[in-house]
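Engineer:
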Amino acid sequence: MNKIYTSEEGRLAILGQYQRALARWPVPARQMRVPTREGETFVVVSGPEGAPPVVLLHGSGANAAMWAGDVAAWAADFRVYAVDVIGEPGLSAPSRPELAAYAGWLDDVFDHFGLSSAAVVGASLGGWLALDYATRRAERIDRLVLLCPAGIGRQKVAVLLKALLYKPFGRWGMRRSIKAVAGVDAREMPEVSDYLVLTFTHFRPRREQLPVFSDDALRALTMPVLAIVGEKDAMLDSQGTARRLTSTVPHAQVSVLPGVGHSIIGQTRRVLVFLRA
856 MNKIYTSEEG RLAILGQYQR ALARWPVPAR QMRVPTREGE TFVVVSGPEG APPVVLLHGS
916 GANAAMWAGD VAAWAADFRV YAVDVIGEPG LSAPSRPELA AYAGWLDDVF DHFGLSSAAV
976 VGASLGGWLA LDYATRRAER IDRLVLLCPA GIGRQKVAVL LKALLYKPFG RWGMRRSIKA
1036 VAGVDAREMP EVSDYLVLTF THFRPRREQL PVFSDDALRA LTMPVLAIVG EKDAMLDSQG
1096 TARRLTSTVP HAQVSVLPGV GHSIIGQTRR VLVFLRA
């Protein structure tokens, strides 16, 4: 098991902020701890029982709180399961198994809730996990929503090296790094920026590049697919993502948002329309 935090004090600071965010969850919800083969997994469950299920998988360095702006709309029609990915700064186990093991972990989450299948929404790392699960367990994915997903277009390295140059400059440098990498401007989204500064001051993100899915793997995606990427994504080649998906998954709905970076927000309604279709 890797140490994913720089210190116990840092872990407590991040989780304290996260729990305050959970206390402001915009709709009634159950906070549940699910036993899995890779460790306990924390899931926030919202929406009416018996409604069609939607599983949410957040990005690296995040947790279920990233969906707080979307869940009120989605939970009106769906049973929404916002999952804290293991090995990320949430309330799930800090374990980081081999990437191939994550499909088995998701099997355990699905099985715990009695989900034979579900729509899955994944962002960034969560998009990679959703894609990986879809290529291995196509029968369990009803619809697939990918927001700035990793694993299709190439992962950019230069911007990460640039971000490291800001690191010695304390809080100012961290804010500049977050703007460069995630596209989050502290002047426009101060609360989000402050939370990311806190997180990446005390959290150790994954360092390895995520594998790129083959054309054959993408062609096997027969379920409805919606992919939304940002034109100015500094972490991933969004144009390459759009081109490959359009070529290999011709039935997919693919959108490139002009002027948008890696952080995809404001797409609540678009995703809802797709999930309802």
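Going by the numbering used here, the first residue of the sequence shown is number 856, and it counts up by one from there.
Beta carbons are placed, not taken as given, at the ideal position from N, Cα and C, and that holds for glycine.
Report the three-state DSSP secondary structure of Gly977 (helix, strand or coil).
Structural biologist: Here Gly977 sits in strand by DSSP.
Engineer: Please name the residue, chosen from Val964, Ser862, Gly969, that lies closest to Thr896 on a Cα-to-Cα basis.
Structural biologist: Here the closest residue by C-alpha is Val964.
Engineer: Compute the Euclidean distance between the alpha carbons of Ile1119 and Pro890, then round it to the nearest angstrom.
Structural biologist: Ile1119 and Pro890: Cα-Cα distance of roughly 31 Å.
Engineer: Quick one: grab the DSSP three-state call for Leu796.
Structural biologist: In this structure the chain extends from 856 to 1132, so residue 796 is not present and cannot be described.
Engineer: I'd like the list of long-range same chain contacts for Ala985, defined as Cβ closer than 7 Å, with 5 residues on each side in sequence excluded.
Structural biologist: Leu912, Val975, Gly977, Leu999, Leu1001.
Engineer: For Val940, which of helix, strand or coil comes out of DSSP?
Structural biologist: Reduced to three states, the DSSP call for Val940 is coil.
Engineer: Decide if Gly1008 is buried, meaning its Cβ has at least 16 other Cβ atoms within 10 Å, or exposed.
Structural biologist: It counts as buried.
Engineer: Say whether the segment 901-909 touches the segment 945-953, bearing in mind that this needs 3 or more beta-carbon pairs closer than 8 Å, one atom from each stretch.
Structural biologist: Too few Cβ pairs lie closer than 8 Å, so no.
Engineer: Can you find the residues in the same chain that come closer than 6 Å, C-beta to C-beta, to Gln1122, ignoring five residues on each side of it along the sequence?
Structural biologist: Here the set comprises Ile1083.
Engineer: Tell me where the alpha helix (DSSP H) around Thr1103 begins and ends.
Structural biologist: It spans 1093-1103 - the alpha helix (DSSP H) in which Thr1103 sits, taken as one unbroken run.
Engineer: Are the CB atoms of Tyr873 and Asn918 nearer to each other than 7 Å?
Structural biologist: Cβ atoms of Tyr873 and Asn918: closer than 7 Å.
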